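Student: Top to bottom, those sequences are chains R and D.
Using my numbering, the letters of the first sequence map in sequence onto residues 1 to 330.
Using my numbering, the letters of the second sequence map in sequence onto residues 1001 to 1194.
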Amino acid sequence: MPMHLQLDARGRVRHAGPTMRLLGSGGGLLGRDFFTLFRLRRPHGISDMAGLMHHAGARLQVRFRDPPHTQFKGVAVPAGDGALVNLSFGISIVEAIRTHDLKSRDFAPTDLTVEMLYLLEAKETILEEWRRLNSRLQSARVAAEEQAFTDTLTGLRNRRAMDHVLDRLVRDGHPFGLVHLDLDFFKQVNDTFGHAAGDHVLQVAARAMVDVTRSEDTLVRAGGDEFVLILPGLVDARRLEDLACRLIERLEEPISFEGHQCRISGSAGIAVSHGGGVQPVAVLLDQADRALYASKKEGRGRATVFSVERHDTAHAPSLPDTVEKDAGNA
Amino acid sequence: MHGLVNRAIQCFVRDTYGGTMWERLARQSDAPVAGFEAMFVYDDEVTERMLCAAEDLLGRDRAIVLEDLGTYLVSHPNVGSLRRLLRFGGDTFPEFLDSLDDLPSRAALAVPELELPRFDVMQGEGGIVRVLCRSPRAGFGHVLVGIMRTLADDYGALVLLEHEGREGENEWISVSVLSADFAQGRPFQLAADR
């Protein structure tokens, strides 16, 4: 029992086990009053030998009154005219070992403390491995999501990402502008110069979109030559129109591909959500769609802002001739 | 084989011979170049293929490769935890030797899926300790030689070690402790630094 104390009839330490002697920092333990050295935390209120003996055999919790206030669990039994108190470290074991620089020889051969320390450290090592694994899996998940939301040809977002972003904006009631853009004469480029030229044109067009928008905007290739720009906070119709026109101007710059000059343009339809979740996503997309068809009908290479008065009337959204002709040429 | 073992081989090759060597070895043995997850269990065959590739690429016998792996496991700063865990076995090298037969059950407390060999420690003639390492998979004995050789230095003990070969599932290692406190050794605190 390297951590025992023998107390005399008045509660003074008559003898201390070798490990206990290591812990008695400062003046040492021998001859000192047990109740001055230690505070009994449980059972509460023990301050003399009579109290201690009243709880003989019971579970004790004690701590040093002096720093570092090491805590112990223990038990006291009568011995001769005094008492024998056997102590062990409780849950504060790691701290105590660090503070007092204890070695495994300082513990009784029957004491499981060293085994517990071993286990603690082994489990901590394994836990660290799990943590690393978790963080690797987390990054892999982020990368996979990123991939699942990206159009591989242009690097813009895909339709799935668009649904995700639009749902979130509408749900959170954020105002935003929506530009639905179709490339004009793209089919001709594809037919005349081949798919490689078409792919190149799409990439150049995507770059133009990145250039005229802000980093917080979501740029989507919604399909073939069809794009959707989602512009959070941008609900001023004139500014949206400006942006779309600047973009169309950029698209009309000739694009060189293997010695050929590819020429395209763009038609845009603009819709605005003023937030508050009043406009369902489908309605908004439909409005942008109608505005786009109006642009196409009016001769392409232009942008139209949706307005209820102009587009939500009885003859919209049909415009059958225009729609068919443009769809064929797009 | 447990991912910890495969990862040990991966880190040993990477830290000792460099990342390029690891990539070559991984390609040659059809192992994941990005490395193994320590907490997964893999097919035994990939471990065998890695060891074959290591013999080939490093130009060393398997026994040497495995012994170097053992040395790496308890000496390289990247894997400091294993050295500490093993030092819990005892205050001196002879005590550590005696505690070897506890090692598999200790390891199982932390990682139940890790199938370590069984160890038996016997006092032989003339103060020689014979360690029996018993596993259906050959080679653990050589890793153990590397571990014991390095830990002996760690304890400051002077020892002679010899792998006596394999019979069936049994690998025998003889250990003669010439001096348990030959040198100062590295200090060991029960509570890890924070």
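Note that beta-carbon positions come from the ideal geometry of N, C-alpha and C, so glycine has one too.
Please read all numbers here as calculations on a predicted model, not as lab measurements.
Among R:5, R:172, R:282, R:217, which has the Cα closest to the Cα of residue 86 of chain R?
Tutor: Of the candidates R:5, R:172, R:282, R:217, the one whose C-alpha sits nearest the C-alpha of residue 86 of chain R is R:5.
Student: DSSP state of residue 79 of chain R, grouped into three classes?
Tutor: It is a strand residue.
Student: Between which residues of its own chain and residue 16 of chain R is the CB-CB distance below 8 Å, once the five residues before and five after are set aside?
Tutor: Once the five neighbours on either side are set aside, the close Cβ partners of residue 16 of chain R are 4, 5, 6, 24, 29, 30.
Student: Checking the sheet assignment: what are the DSSP bridge partners for residue 191 of chain R?
Tutor: DSSP output for residue 191 of chain R lists no bridge partner at all.
Student: If you follow the beta strand (DSSP E) that residue 1114 of chain D is in, where does it begin and where does it stop?
Tutor: Looking at the DSSP string, residue 1114 of chain D is not in any beta strand (DSSP E), and its letter there is neither H nor E.
Student: Go ahead and pull the three-state DSSP assignment for residue 1122 of chain D.
Tutor: Correct three-state label for residue 1122 of chain D: strand.
Student: Alpha carbons only, please: which of R:265, R:207, R:107, R:204 is nearest the one belonging to residue 1091 of chain D?
Tutor: Out of R:265, R:207, R:107, R:204, R:107 has the C-alpha closest to the C-alpha of residue 1091 of chain D.
Student: Short of 7 Å Cβ to Cβ, which residues in the stretch 1099-1127 of chain D face chain R?
Tutor: Answer set for the stretch 1099-1127 of chain D: 1106, 1109, 1110, 1111.
Student: In chain R, what lies closer than 8 Å to residue 1190 of chain D by C-beta?
Tutor: Within 8 Å Cβ-Cβ: 97, 102, 103, 104, 114, 117.
Student: Compare the C-beta of residue 1084 of chain D against all C-beta atoms of chain R and say whether one is closer than 8 Å.
Tutor: So yes, residue 1084 of chain D belongs to the interface.
Student: Measuring CB atoms only, is the stretch 1054-1063 of chain D touching the stretch 89-101 of chain R, in the sense that at least three cross pairs come out at less than 8 Å?
Tutor: Flag = no, the stretch 1054-1063 of chain D and the stretch 89-101 of chain R do not touch.
Student: Check each residue of the stretch 130-143 of chain R: if its Cβ is closer than 7 Å to any Cβ of chain D, include it; give the result in chain order.
Tutor: Listed by position along the chain: 130, 133.
Student: Just checking: is the beta-carbon of residue 1039 of chain D within a distance shorter than 8 Å of some beta-carbon in chain R?
Tutor: Chain R contact via Cβ: present.
Student: Could you spell out the range, first to last residue, of the alpha helix (DSSP H) harbouring residue 122 of chain R?
Tutor: Counting along the chain, the alpha helix (DSSP H) containing residue 122 of chain R begins and ends at 113-148.
Student: With DSSP run on the structure shown, which of helix, strand or coil describes residue 50 of chain R?
Tutor: DSSP places residue 50 of chain R in helix when its eight states are reduced to three.
Student: DSSP three-state call for residue 32 of chain R: helix, strand or coil?
Tutor: Looking at residue 32 of chain R - three-state DSSP - the assignment turns out to be coil, as it is neither helix nor strand.
Student: Would you say residue 1130 of chain D reaches chain R, if we count a Cβ-Cβ gap shorter than 8 Å as a contact?
Tutor: Not one chain R Cβ lies under 8 Å of residue 1130 of chain D.
Student: In whole angstroms, what is the alpha-carbon distance linking residue 258 of chain R and residue 199 of chain R?
Tutor: Each residue's alpha carbon lies about 13 Å from the other.
Student: Run through DSSP, which three-state label would residue 1140 of chain D get?
Tutor: Helix, per DSSP.
Student: Measuring straight from C-alpha to C-alpha, what distance separates residue 59 of chain R and residue 77 of chain R?
Tutor: Computed Cα separation, rounded: 11 Å.
Student: Answer with yes or no whether the minimum CB distance from residue 218 of chain R to chain D is below 8 Å.
Tutor: No, residue 218 of chain R does not count as interfacial toward chain D.
Student: Can you tell me whether residue 271 of chain R is helix, strand or coil according to DSSP?
Tutor: Looking at residue 271 of chain R - three-state DSSP - the assignment turns out to be strand.
Student: Would you please state the rounded distance, in angstroms, between the beta carbons of residue 11 of chain R and residue 53 of chain R? I believe it to be under 8 Å.
Tutor: With a Cβ gap of about 10 Å, residue 11 of chain R and residue 53 of chain R do not count as contacting.
Student: What's the C-alpha gap between residue 1049 of chain D and residue 1041 of chain D?
Tutor: Rounded to the nearest angstrom, the two C-alpha atoms are 16 Å apart.
Student: One question on the structure: do residue 339 of chain R and residue 282 of chain R come within less than 8 Å of each other, judged by their Cβ atoms?
Tutor: Here chain R comprises residues numbered 1 to 330, so residue 339 of chain R is not present and cannot be evaluated.
Student: Suppose the cutoff is 6 Å on Cβ atoms and the five residues either side in sequence are ignored; what does the same chain contact list for residue 151 of chain R look like?
Tutor: The residues are 158, 221.
Student: Below 6 Å CB to CB, which residues in the same chain sit around residue 1128 of chain D once its five sequence neighbours on both sides are set aside?
Tutor: Result list for residue 1128 of chain D: 1174, 1176, in chain order.
Student: Just to confirm my understanding: we take residue 306 of chain R, look at its own chain, exclude 5 residues before and 5 after, and list those with CB closer than 7 Å. What are they?
Tutor: Closer than 7 Å at the Cβ level, and outside the excluded window around residue 306 of chain R, lie 269, 270, 271, 287, 288, 290, 291.
Student: Tell me whether residue 1179 of chain D is buried or exposed, calling it buried when 16 or more other Cβ atoms sit within 10 Å of its Cβ.
Tutor: Label assigned to residue 1179 of chain D: exposed.
Student: Quick one: is residue 296 of chain R buried, meaning 16 or more other Cβ sit within 10 Å of its Cβ, or exposed?
Tutor: Label assigned to residue 296 of chain R: buried.
Student: Given that a residue counts as buried once 16 or more other Cβ atoms are within 10 Å of its Cβ, and exposed if not, what is residue 1002 of chain D?
Tutor: So residue 1002 of chain D counts as buried.
Student: Please confirm whether residue 266 of chain R and residue 156 of chain R have their CB atoms less than 8 Å apart.
Tutor: Against a cut-off of 8 Å, the Cβ pair of residue 156 of chain R and residue 266 of chain R comes out as no contact.
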